[in-house]
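Using this note's numbering, the final residue of the sequence shown is 107, and nothing's skipped along the way.
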Amino acid sequence: MEKLILREDFIKLGQALKAAGVAGSGADAKELILLGQVKVNGEVETRRGRKLYGGDQVEIKGQFLQIEPQKAG
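This is the structure:
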């Protein structure tokens with residue numbers, strides 16, 4: 035499982051897919067999401083603007099991405 039550490043309070047789903055290297059561009063991320071290939075916390079998500087917070091888990095084609103909160107300090 036890959037981890038993505040937040041720099042802010044949240045990250046949008048499309049941005050997370052690009053940051054994790056799952057999607058090469060915003061258009062690629064949009065296509066994955068619209069095709070129903072992305073789940074957030076076990077449910078299919080069709081909004082690329084969905085805000086992800088620490089503790090959320092994203093699944094893309096059987097691969098998992100764990101969203102980790104920003105480290106304090």
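Each residue gets a CB set at the ideal place from its N, CA and C atoms; glycine is no exception.
query, result
"Cβ neighbours of Q97 in the same chain (closer than 7 Å, five flanking residues each side left out)", "none"
"Cα-Cα separation between K64 and L38, rounded to whole angstroms", "19 Å"
"DSSP beta-bridge partners of I101", "L38"
"According to DSSP, residues forming a beta bridge with V72", "I94"
"Cβ pair G89, V78 closer than 7 Å", "no"
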